[in-house]
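Worksheet: the structure to be examined is printed underneath.
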Amino acid sequence: GAVVSQHPSWVICKSGTSVKIECRSLDFQATTMFWYRQFPKQSLMLMATSNEGSKATYEQGVEKDKFLINHASLTLSTLTVTSAHPEDSSFYICSEQSSNYGYTFGSGTRLTVV
Amino acid sequence: LAKTTQPISMDSYEGQEVNITCSHNNIATNDYITWYQQFPSQGPRFIIQGYKTKVTNEVASLFIPADRKSSTLSLPRVSLSDTAVYYCLVVFRTGANNLFFGTGTRLTVIP
């Protein structure tokens, strides 16, 4: 089946710095990738939809200038959290649509901003 | 997007069969029902998907009645390693579309 590789699995950064999270589709060309955020004991919340070669579509309430998404190729999408603050600490997960009905998720990245 | 409703949590003893029911009253003709499993600090993992009647794979069964307004995930003989959150999602048949994650059901398997 489809495999999505997400890196890093965890990262700690200082407040005010930027962090980049990568999501690679290893055996499938992902035209569209989705980025989710999950706070402790809560469900996944969609942040943005990333389309290869075009601008990402952000969900309401998600700051596009803070969460920069780049999907330059069919196998790589990146999420950059700019000027991170402690409230950005969360679990970030990417996902690709690997078939008409199936979605494959990355292993997630736990971001801690100190 | 069709919303889903499931119990927030369930407990079960090891070796028992667990049935988790999900309501999706607004499901559309082209929607499929998909279940995912999520362990702490991991991304969701696909379990099973179906459109109607019954689907079975090596890990679970999915029962969908004729009106498709609900579905039941059945996990046979659960073990401690099945402790996780289980999400029921309704997925549109064609085209890329985002997934709406409801609350999920937190299953705790007790020794």
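Those protein sequence lines, which keep their order, are chains A and B. Sequential numbering of the first sequence, starting at 1, is according to the numbering used here. Sequential numbering of the second sequence, starting at 115, is according to the numbering used here. Beta carbons: idealized from backbone N, C-alpha and C, even for Gly.
Query: In the DSSP assignment, what residue or residues form a beta bridge with S15 (chain A)?; Result: Bridge partners of S15 (chain A): none, in fact.
Query: Kindly indicate the opening and closing residues of the beta strand (DSSP E) around E96 (chain A).; Result: S90 to Q97
Query: Is there a C-beta anywhere in chain A that falls below 8 Å from the one on P121 (chain B)?; Result: no
Query: Could you name the residues that DSSP lists as bridge partners for F153 (chain B)?; Result: DSSP lists no partner for F153 (chain B).
Query: Please name the residue in A:Q38, A:Q60, A:L46 and A:S77 whose C-alpha comes closest to that of F29 (chain A).; Result: One detail in the question is off: residue 29 (chain A) reads as Gln in this sequence, not Phe. Cα-wise, what sits closest to Q29 (chain A) is A:S77.
Query: Exposed or buried, what is S9 (chain A) when buried is set at 16 or more other beta-carbons lying within 10 Å of its beta-carbon?; Result: exposed
Query: Please report the straight-line C-alpha distance between E128 (chain B) and T119 (chain B), rounded to a whole angstrom.; Result: 25 Å
Query: I'd like to know whether the C-beta atoms of Y165 (chain B) and L203 (chain B) end up nearer to each other than 8 Å.; Result: no
Query: Can you confirm whether F105 (chain A), when its beta carbon is compared against all beta carbons of chain B, has any partner nearer than 8 Å?; Result: yes
Query: Under the rule that 16 or more other beta-carbon atoms within 10 Å means buried, what is H71 (chain A), buried or exposed?; Result: buried
Query: Below 9 Å between beta carbons is the criterion; list the residues of the stretch 137-153 of chain B that meet it against any residue of chain A, in chain order.; Result: Y146, T148, Y150 and Q152
Query: Decide yes or no for the touch test of the stretch 124-142 of chain B against the stretch 43-57 of chain A: beta carbon pairs closer than 8 Å, at least 3 of them.; Result: no
Query: To the nearest angstrom, report how far apart R37 (chain A) and Q130 (chain B) are at their CA atoms.; Result: 33 Å
Query: At 9 Å on the CB atoms, spell out the chain A contacts of T217 (chain B), in chain order.; Result: Q42 and S43
Query: L79 (chain A) and I12 (chain A): beta carbons closer than 8 Å?; Result: no
Query: Here's the rule I'm using: 16 or more other beta-carbon atoms within 10 Å means buried, otherwise exposed. How should G216 (chain B) be labelled?; Result: buried
Query: Let's test the definition: count the other Cβ atoms within 10 Å of the Cβ of D145 (chain B) and tell me whether it reaches 16, buried, or not, exposed.; Result: buried
Query: Please list, in chain order, all residues of the same chain as F67 (chain A) whose beta carbon is under 8 Å from its beta carbon, the five residues on each side excluded.; Result: W35, M47, A48, Y58, L79, T80, V81 and T82
Query: Whose Cβ in chain B lies nearer than 8 Å to the Cβ of I93 (chain A)?; Result: G157 and P158
Query: Identify whether L221 (chain B) lies in helix, strand or coil by the three-state DSSP scheme.; Result: strand
Query: Buried or exposed, going by whether 16 or more other CB atoms sit within 10 Å of the CB of I224 (chain B)?; Result: exposed
Query: Identify every run of the alpha helix (DSSP H) within the stretch 161-204 of chain B, keeping only runs that are complete inside it and at least 4 residues long; order them along the chain.; Result: none
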